[in-house]
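Only one structure is covered here, and it is reproduced in the block below.
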Amino acid sequence: MVTVSNISIQYGGKFLFNNISFALTKKDRIGLVGKNGAGKSTLLKILIKEILPESGTIAMDNNTTLGYLPQDMSVKHNKTVYEEAAMAFAKVKELEATLNELNIEIAERTDYESKAYTKLLNRLNDAQDQFERLGGMSLREDIEKILKGLGFLNGDFDRPLSEFSGGWQMRVELAKILLQKPTYVLLDEPTNHLDIESIMWLESFLDTYPGGVILISHDRAFLDAVTNRTIELVNSKLYDYRTSYSKFVELREERRSKQIIEAKRQEKYVEETEKLINKFRAKKNKAKFAQTLITKLDRLEKVEIDDQEKGSINFRFPDAPRSGKVVVTIEQLDKSYGRHEVLRNVDFTLERGEKIAFVGKNGEGKTTLSKIIRGIEPHNAGKCELGYNVAIGYYEQHQAESLDGNQTVFQVIDDAATGDMRLKVRSLLGAFLFSGEDVDKKVQVLSGGEKSRLALAKMLLNPVNLLILDEPTNHLDMRAKEILKKALLDFTGSLIIVSHDREFLKGLTSKVYEFRNKGIKPYYGDVYNFLEERNLQNLNELNLKGKMTTTKSKANLSKQERIAQRNQLKDLDKAIKRQSNKVSKSERTIQSLENSIEECEKTMGASDFYTKNPNPEEVMAKYATAKEDLETEMENWEMLTLELEELKEKREQMEG
67 MVTVSNISIQ YGGKFLFNNI SFALTKKDRI GLVGKNGAGK STLLKILIKE
117 ILPESGTIAM DNNTTLGYLP QDMSVKHNKT VYEEAAMAFA KVKELEATLN
167 ELNIEIAERT DYESKAYTKL LNRLNDAQDQ FERLGGMSLR EDIEKILKGL
217 GFLNGDFDRP LSEFSGGWQM RVELAKILLQ KPTYVLLDEP TNHLDIESIM
267 WLESFLDTYP GGVILISHDR AFLDAVTNRT IELVNSKLYD YRTSYSKFVE
317 LREERRSKQI IEAKRQEKYV EETEKLINKF RAKKNKAKFA QTLITKLDRL
367 EKVEIDDQEK GSINFRFPDA PRSGKVVVTI EQLDKSYGRH EVLRNVDFTL
417 ERGEKIAFVG KNGEGKTTLS KIIRGIEPHN AGKCELGYNV AIGYYEQHQA
467 ESLDGNQTVF QVIDDAATGD MRLKVRSLLG AFLFSGEDVD KKVQVLSGGE
517 KSRLALAKML LNPVNLLILD EPTNHLDMRA KEILKKALLD FTGSLIIVSH
567 DREFLKGLTS KVYEFRNKGI KPYYGDVYNF LEERNLQNLN ELNLKGKMTT
617 TKSKANLSKQ ERIAQRNQLK DLDKAIKRQS NKVSKSERTI QSLENSIEEC
667 EKTMGASDFY TKNPNPEEVM AKYATAKEDL ETEMENWEML TLELEELKEK
717 REQMEG
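My numbering applies: residue 67 is where the sequence shown begins, and numbers increase by one.
Structural data, given as structure tokens:
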């Protein structure tokens, strides 16, 4: 277990988080969420001791290991893909070399009866045992399994890592972490570097991973598939929910509603108390009472409302100039880079108002075809033509990184603006959350999310009727993605979008083009229609294809075995029912305690609390006890729920 106790850190005199605490167990799959700048990445860096907190402690035993994948990192390029991945087994490699040396030495020795020879044999046996325990016997198999799951092909293993893009290099770093099997895996935006198929493979891998997981992601579908717990950082506080992301969103809204009610109640209380103070402070016999009220107000802790929507991006795309009915026509198009063929004999037509998605593994040509349509990449053969009056707005995958780091935010937009838009530069920047001193910041000091917002703002300077967006959601937080999606739904022109974000694509497009084997294939509907038709939900066409099972089919079971299995299922059903009752009882206890706490808070928050209650300490003691009991019962509920899930999973496995 990792225990984080009362850690605090601040930047520029403002707390990023203040006295936050939580514990992490091997069964936890935690989604770490919050706005850009809330401190999510900082918290991971504190856990791996890259950053030290100003106060508080982090406790873990000596056998605990952490595997950390940051958002961005520099990777050395002097090895092949396989060699770099094998660096995860540095200790195994050392043992392998030792075993070779010992075997050579033993083969050359003839003093079979000597103590030295016996000692040498013992060293060989010890090294062999350790080699097998660390996975040395299945090393190549494990490496190939992970690399293939992350999208690499057999032919990629011996290629230099320098031939691959930054995204593929990050996949190798992720592979090294997964191969090391640390006690806890810490992943910061891992899906930014993966395609849909690799994301789904990673979901499956993490689902059965024996250790704990903390991940930062703005991919809602990924969070829902992987996590069973959500930790939110907001207003320097930490909120811990024992649930996946979508349920957390509902609970967060309930929390915020309660905060609004409490804030209004407190505001009314302060207003009434101030009236009493003003009424009694001038009277001699009431002056002491007035001073007591003043002291009480000074000590009152203000109820803060965690406003999730404060400062949201607010924009819409300009109305699209009318184009011809056919926007893009591609016939028998080929594209190669030297001997490397990317696209072959591709046909494609985009009509006015169509919204389509390009999906498929990385390296299959999605970005290449987008650039060919945009006119910034030539093709080798075939035809690619734009229709009448087509004006293109293009956002490329790494466009945010291509901004001039020495320019200010204002200069980036002002230099690109023309005509009447020059008068609207500050309004446009304000819509993308750049206001006041922010507009004078140099681009090089902006976060990834801020750079992405600036690049999107720059794209809005000229009206277009064809938007081509290549991974526009990387680095955008949940709220920013929702606003962008709404703007795209309202966009009156045509849209081509390259994305791996299933939740973002859901309901956005009417057609999906899959890039595969140098060609493209259309699927009607959105990304989930495509996934269903391709049967990718169960990864049947990825790495689980051909997976062998060790259990007998029902048809091959003998009569006695079938009877025994039915009896086991009955016993399991009874156990599940008993466990469900325990969970329900715990939930009722939690509800009762929460009601008691709410009642105490209501009583203590009343303006006449100290005057009407003969023994206020008793109420406060009851409140403190209920809080402690609630924490204990929540832990009990978590244990009971995990046991119930294990029983259900066991039953599912027995059924086949």
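Backbone N, C-alpha and C define an ideal beta-carbon position, used for all residues, glycine too. These figures come from a predicted structure and were not determined experimentally.
#### Entry: Buried versus exposed call for L244 [16 or more other C-beta atoms within 10 Å across all chains shown]
buried
### Query
Under the three-state reduction of DSSP, which class applies to A173: helix, strand or coil?
In this structure, DSSP gives A173 a helical state, which the three-state scheme calls helix.
### Message
Below 8 Å on the Cβ atoms is my contact criterion, and I expect F288 with E316 to pass it. Report the Cβ-Cβ distance as a whole number of Å.
### Response
In fact, because the Cβ distance is near 19 Å, the residues do not count as touching under 8 Å.
### Message
Which runs of the beta strand (DSSP E) at least 3 residues long sit entirely within the segment 515–584? Give them in chain order.
### Response
DSSP runs (the beta strand (DSSP E)) wholly in the segment 515–584: 532–536, 560–564, 577–582.
### Task
May I have the straight-line CA-CA distance separating N606 from Y275, to the nearest angstrom?
Interpretation of N606 is limited by its pLDDT of 38, a score under 50 that renders its predicted location unreliable; the figure taken from the coordinates is listed afterwards. Going from the Cα of N606 to the Cα of Y275 covers about 20 Å.
### Query
If you draw a straight line from the C-alpha of S87 to the C-alpha of V578, how long is it?
In this structure, the CA atom of S87 is about 44 Å from the CA atom of V578.
### Query
In whole angstroms, what is the alpha-carbon distance linking K432 and A125?
46 Å
### Task
Would you mind reading off the limits of the beta strand (DSSP E) that contains Y403?
392–403
### Query
What residues are listed by DSSP as bridge partners for V251?
Partner(s): G133, V279.
### Task
Measuring alpha carbon to alpha carbon, tell me which of G278, K211, E179, Q634 ends up nearest G133.
G278
### Query
Among K517, I549, Y305, which one has its Cα closest to the Cα of D470?
K517
### Message
Restricting to runs no shorter than 4 residues, where is the alpha helix (DSSP H) found entirely within the segment 463–509?
### Response
Those alpha helix (DSSP H) runs which fall completely within the segment 463–509 and span 4+ residues are 475–482, 491–497.
### Task
May I ask you to verify whether the segment 96–111 touches the segment 143–152, counting CB pairs closer than 8 Å and requiring at least 3?
no
### Query
What span of residues does the beta strand (DSSP E) with E451 cover, start to end?
That run of the beta strand (DSSP E) goes 447–452.
### Task
Could you name the residues of the same chain whose beta carbon sits closer than 7 Å to that of D543, not counting the 5 residues immediately before and after it, in chain order?
Leaving aside the five residues that flank D543 on each side, the residues in its chain whose CB is nearer than 7 Å to its CB run, in chain order, K101, N102, H284, G515.
### Message
Nearest by alpha-carbon distance to G502: which of S513, Q510, V475, L522 is it?
### Response
The residue from S513, Q510, V475, L522 with its alpha-carbon nearest to that of G502 is V475.
### Query
Nearest to N45 by alpha carbon, out of L574, K427, F81, V68?
The chain is shown from 67 up to 722; residue 45 falls before or after that span and cannot be answered.
### Query
How close, in whole Å, do the beta carbons of I563 and A423 come, if the pair is a contact with beta carbons under 8 Å?
Their Cβ separation, rounded to whole angstroms, is 5 Å, which keeps I563 and A423 in contact under 8 Å.
### Task
In the DSSP assignment, find the beta strand (DSSP E) that holds E298 and state where it starts and stops.
295–300
### Counted within 10 angstroms of its Cβ, other Cβ atoms place N604 as buried (16 or more) or exposed
Confidence in N604 is poor, its pLDDT being 39 and thus under 50, which makes the residue's placement unreliable; the coordinate value appears in the next sentence. Exposed: under 16 other Cβ atoms inside 10 Å.
#### Entry: 8 Å CB neighbourhood of G390 in its chain, flanking five on each side removed
Result list for G390: R418, G453, Y454, N455, V456, in chain order.
### Query
Do you know whose CA, among L161, I209, L435, K508, lies nearest Q194's CA?
Of all alpha-carbon atoms in L161, I209, L435, K508, the one lying nearest the alpha-carbon of Q194 is that of L161.
### Task
Tell me, to the nearest whole angstrom, how far the beta carbon of D177 is from that of Y183; I am working on the premise that it is less than 8 Å.
5 Å
### Message
Here's a check: name, in chain order, each residue in its chain whose Cβ is nearer than 6 Å to the Cβ of L706, leaving out the five neighbours to either side.
### Response
K648, V649, S652
### Message
Helix, strand or coil, according to DSSP, for S264 in the structure here?
### Response
helix
### Query
If we ignore side chains and look at the alpha-carbon of each, how far apart do N188 and L165 end up?
12 Å
### Query
If we count the other Cβ atoms within 10 Å of its Cβ and call it buried at 16 or more, is D208 buried or exposed?
buried
### Message
I'd like to know whether the C-beta atoms of T395 and T415 end up nearer to each other than 7 Å.
### Response
Pairing T395 with T415 gives a Cβ-Cβ distance under 7 Å.
### Task
With DSSP as the reference, label T146 as helix, strand or coil.
strand
### R410 - containing beta strand (DSSP E), residue span
406–417
#### Entry: A287, enclosing alpha helix (DSSP H) - first and last residue
It spans 286–292 - the alpha helix (DSSP H) in which A287 sits, taken as one unbroken run.
### Task
Give the single residue among T293, P226, E320, Y594 whose Cα lies nearest to the Cα of Q311.
Correcting the residue identity first, residue 311 is Tyr in this sequence and not Gln. When each option's Cα is compared against that of Y311, the closest is T293.
### Nearest residue (CA-CA) to K211, options R175, I172, F271, F197
F271
### Query
Do the segment 259–268 and the segment 541–557 meet, that is, are 3 or more Cβ pairs less than 8 Å apart?
no
### Beta-carbon contacts of S402 that lie in its chain and below 6 Å, excluding the five residues immediately before and after
So the qualifying residues of the chain are N446.
#### Entry: Burial state of A89, where buried means 16 or more other Cβ atoms lie within 10 Å
A89 is classed as exposed because its beta carbon has fewer than 16 other beta carbons within 10 Å across all chains shown.
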